Every structure is written in C-alpha cells, then in structure tokens.
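**Q**
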Amino acid sequence: MSRDPKAQTREVENMVEKWIQQTFTLSSPNIQINGLPYSEVFAQKTEYEPKDEQLQSRVEDLTNQVDEMLADVSGLRKEIPARVSKLAEETVRRETMGIEGLEWGGRDGMEGGVGKGKLSLVNFETIHTQYQSILESPQSLQKDLTHSLSRLQRAQSAVTTLTESDAQMDVDDSPSSSLPPSGSTSPQHSSEQLDTVTPRRARSGLLQKLQDR
Numbered sequence: 002m003s004r005d006p007k008a009q010t011r012e013v014e015n016m017v018e019k020w021i022q023q024t025f026t027l028s029s030p031n032i033q034i035n036g037l038p039y040s041e042v043f044a045q046k047t048e049y050e051p052k053d054e055q056l057q058s059r060v061e062d063l064t065n066q067v068d069e070m071l072a073d074v075s076g077l078r079k080e081i082p083a084r085v086s087k088l089a090e091e092t093v094r095r096e097t098m099g100i101e102g103l104e105w106g107g108r109d110g111m112e113g114g115v116g117k118g119k120l121s122l123v124n125f126e127t128i129h130t131q132y133q134s135i136l137e138s139p140q141s142l143q144k145d146l147t148h149s150l151s152r153l154q155r156a157q158s159a160v161t162t163l164t165e166s167d168a169q170m171d172v173d174d175s176p177s178s179s180l181p182p183s184g185s186t187s188p189q190h191s192s193e194q195l196d197t198v199t200p201r202r203a204r205s206g207l208l209q210k211l212q213d214r
C-alpha cells in the first residue's frame, strides 16, 4: 500500500529540521563567529540611550499644557450649563414681552382708536435673529469644547509617547550579529532581527508624533 506523497514530504522535512537542530546543538560549543561564542552572538544586548535634556523639557512643557487644558475643560463644563440656562431665560423673557406688547397694543387700538395709547409693535425679525443666535450659541460652545478635548487627547498621547520613550530601553543587535552559517537559518533569529528597535527608528517615530500634533 503506497503512502501519501505529502505525508512523506512532511516526514522528510521534519527529519531534516531535527537533524539541523541537533547538529547545531551539539557543535555550537565548538563554533565561533567573529571571535565570539555561537551562543552569545545572537543574544540580545541591552543598551541605554543617554538622557536627552531637550526631550525632558519637552515632556514637562506638554505636561503643563495638559494641566492647563484640563482646567479649561473643567471650567467650560461648569460654565456652559449656566450660560445656556441664562440664554434660554432671556429668550423666554423677550418673547413674553413681545406677546404682551402686541396684546396691549391691539386692545388700545380697538378701544381708543389708532394712535391713541397704542404700544409700538415689536420687530419680529430682530427677535427672530436674536433667538437664532441664542440657539446657535450652545452649538458654538459645544464645538469649542470638542476642539479643546481633541487637543487634550493629542497632547496626552504625545506626553505618553515621550515618557515611554524617555524610559524605554533601546534594543539593538550587535554589529557582529550576522546570520548563522548557510543551511542554519532559524525563523526565530530572523524574527528577532526584524523586530529590533533602534534609537534612530524610535526617534523618527517621536518626531512624527510631534509633527502630527
């Protein structure tokens, strides 16, 4: 009974991979790359970036801006309800005065004749314009509040990024960390090299964050 060719292929691949792993495991104590032991060549080394005084000053400035924006937002949240309530009361008062003026003016006109004790008619166009302006005021205040919150979120994001970068340990491969000999490439080693974060990449990301803000 013939075996499945795919199963045979997988079995051969597993055997070859196992042989490669065993070969390097047994021979690694006797292998050196650029004068370094095989086990130390691919070990990650932690390097600390020198403290940047300008970056620290930038973080402090952004922190102060965040505090100021928080105070502004808190003040707007307290002021807006009172201002809207006051505008609504003023609108109701003006509308009531206009209606009462028309009622008294109409009664005087009917009882005493035209021009005798009649109150002046209210300019409804002016009242309507003022009323529309009052209705639009809360929307304008809401837009200002939304804009302030958006700026606050961007500033908080920048502060978080800068703070994490100031405390981050930049991991960089050693210059001698070349690939293993031919036929011994390992997916783990390749992924570690691709995931390496260099100080230059971290700095470029921070500058892009600040420019977007």
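When you number the sequence shown by the working numbering, it's gap-free, plus one each residue, and the end is 214.
Where is the CB? At the ideal position from N, CA and C, for every residue including glycine.
Every value quoted in this text rests on a predicted model; they were computed, and no experiment measured them.
Going by beta carbon distance, what residues of the same chain come within less than 6 Å of LEU163, once the five residues before and after it are set aside?
**A** Excluding positions up to five away in sequence, the list reads VAL60.
**Q** Does the beta-carbon of ALA8 have 16 or more other beta-carbons within 10 angstroms, so that it is buried, or is it exposed?
**A** Result: exposed.
**Q** What is the residue span of the alpha helix (DSSP H) that GLU14 lies within?
**A** Counting along the chain, the alpha helix (DSSP H) containing GLU14 begins and ends at 6–28.
**Q** Kindly list the residues whose CB is nearer than 7 Å to the CB of GLN140, restricted to its own chain and excluding five residues on each side of it in sequence; keep chain order.
**A** No residues qualify anywhere along the chain.
**Q** How far does the alpha helix (DSSP H) with GLU50 in it extend, from its first residue to its last?
**A** Note, GLU50: premise wrong, no alpha helix (DSSP H); not H, not E.
**Q** Rounded to the nearest angstrom, what separates ILE81 and GLU50 at their Cα positions?
**A** Their backbone Cα atoms lie some 47 Å apart in a straight line.
**Q** Report back the beta-carbon spacing between TYR132 and THR92 to the nearest angstrom; my notes put them in contact at under 8 Å.
**A** So it is a contact: roughly 6 Å between Cβ atoms.
**Q** Please work out which residues of its chain come closer than 8 Å, Cβ to Cβ, to ARG152, disregarding the five sequence neighbours upstream and downstream, and give them in chain order.
**A** Same-chain partners within the cutoff: MET70.
**Q** Between LEU146 and LEU77, how many whole angstroms is the CB-CB distance? I'm expecting something under 8 Å.
**A** With 8 Å as the limit, LEU146 and LEU77 qualify as a contact, their Cβ atoms being about 5 Å apart.
**Q** Excluding five sequence neighbours on each side, which residues of the same chain lie with their C-beta closer than 8 Å to the C-beta of SER149?
**A** Excluding sequence neighbours, SER149 sits near MET70, ASP73, VAL74 and LEU77.
**Q** Could you pull the DSSP bridge partners for PRO139 from this structure?
**A** PRO139 pairs with nothing; no bridge assigned.
**Q** Within 10 angstroms of its Cβ, does ALA89 collect 16 or more other Cβ (buried), or is it exposed?
**A** The residue in question, ALA89, is exposed, as its Cβ has fewer than 16 Cβ neighbours within 10 Å.
**Q** Quickly, what does DSSP pair LEU37 with across the bridge? List them, please.
**A** Per DSSP, ILE34.
**Q** Mind checking whether LEU95 and ILE128 have CB atoms under 8 Å apart?
**A** One detail in the question is off: residue 95 reads as Arg in this sequence, not Leu. Result yes, Cβ atoms of ARG95 and ILE128 sit closer than 8 Å.
**Q** Pull up the distance between the alpha-carbon of GLN22 and that of LYS52, whole angstroms please.
**A** Going by the C-alpha atoms only, they are around 42 Å apart.
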